[in-house]
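Chemist: Residue numbers (the numbering used here): 193 to 456.
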């Protein structure tokens, strides 16, 4: 079975998540898989339409990346199943650190995120984040002061979210990259952001939580990082980060040097 086409189907078609994971697990185990007729037809149509899919990405100033292409296999490791990526700019390099945190961040949190973004980039670590308001945006802005940065969307390239970050995304695409596993026309839906968080956790060597509430997507990403065996960092001073530190599952950090030290 063509892994590249399967990844495009996983990203673009409304197949149930459980079906995707089970199908990929069976293939990984070397078991014979027979697709239901409807899914087999979907896959055949994707193969015939692949040039059109690539052209649609190019029309948006991006590129459709599939497993097997240079740099993609490393990004697929650790995912429950492979996906296609729509990318403006370049793929994120390794090692990378994901900086995450509250959308409604405090002035202190925003200043810390900018500083971490800038200084981690200066230290040679790729900074990735989710392009959300608050901590994410501040981390990207800080990173751009020193070099490139990469953002992972929870929507397609036609629906940049939040809209006010469009100029920021243009700057990121010119120096680093903006990526998504959703087709161009996919709107930002709540169910998309957990999938975005999986990518952030899988693609980073560590996740840094700058400021967060106890119940937040940032802490979901933190837990995913632990599940992937990645390093977890937390800045003390907010309910969510203090909870991580009290649990003993995160390194307490106050400066970028504290993060760099863990990576040797």
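Glycine included, every Cβ here is placed at the ideal spot set by N, Cα and C.
Residue range of the beta strand (DSSP E) that residue 342 falls in?
Modeler: 342-344
Chemist: Extract the residue ranges of the beta strand (DSSP E) inside the region 237-286, only unbroken runs of 3 or more that lie entirely within it.
Modeler: 255-257 and 277-281
Chemist: Could you pull out every residue in the same chain whose Cβ sits closer than 7 Å to the Cβ of residue 275, ignoring the five residues on either side in sequence?
Modeler: Cβ neighbours of residue 275 beyond the five flanking positions: 199, 202, 203 and 373.
Chemist: By DSSP's criteria, residue 426 is part of a beta bridge. Which residues make up the other side?
Modeler: 401 and 444
Chemist: So which of 448, 414 and 219 has the shortest CA-CA distance to residue 386?
Modeler: 414
Chemist: In the DSSP assignment, find the unbroken beta strand (DSSP E) run with residue 321 in it and report its ends.
Modeler: 318-321
Chemist: What residue range does the beta strand (DSSP E) around residue 369 cover?
Modeler: 369-372
Chemist: As a quick exercise: from 357, 411 and 367, pick the residue whose alpha carbon is nearest that of residue 342.
Modeler: 367
Chemist: Should residue 238 and residue 257 be called a contact, given that it needs their Cβ atoms to be closer than 7 Å?
Modeler: no
Chemist: The alpha helix (DSSP H) with residue 297 in it runs from where to where?
Modeler: From DSSP, residue 297 is part of no alpha helix (DSSP H); its letter is neither H nor E.
Chemist: Do the region 325-345 and the region 244-264 meet, that is, are 3 or more Cβ pairs less than 8 Å apart?
Modeler: no
Chemist: So, with DSSP's three-state summary, where would you put residue 390?
Modeler: helix
Chemist: Residue 214 and residue 293: beta carbons closer than 7 Å?
Modeler: no
Chemist: Can you say whether residue 447 is buried or exposed, counting buried as having 16 or more other CB atoms within 10 angstroms of its CB?
Modeler: exposed
Chemist: So what does DSSP say about residue 412, is it helix, strand or coil?
Modeler: helix
Chemist: Let's test the definition: count the other Cβ atoms within 10 Å of the Cβ of residue 408 and tell me whether it reaches 16, buried, or not, exposed.
Modeler: buried
Chemist: Residue 312 to residue 426, Cα distance in whole Å?
Modeler: 15 Å
Chemist: If you draw a straight line from the C-alpha of residue 453 to the C-alpha of residue 338, how long is it?
Modeler: Approximately 19 Å between the Cα atoms of the pair.
Chemist: Taking the beta strand (DSSP E) that residue 324 falls in, what are its first and last residues?
Modeler: No beta strand (DSSP E) contains residue 324, which DSSP labels as neither H nor E.
Chemist: So for residue 289, helix, strand or coil by DSSP?
Modeler: strand
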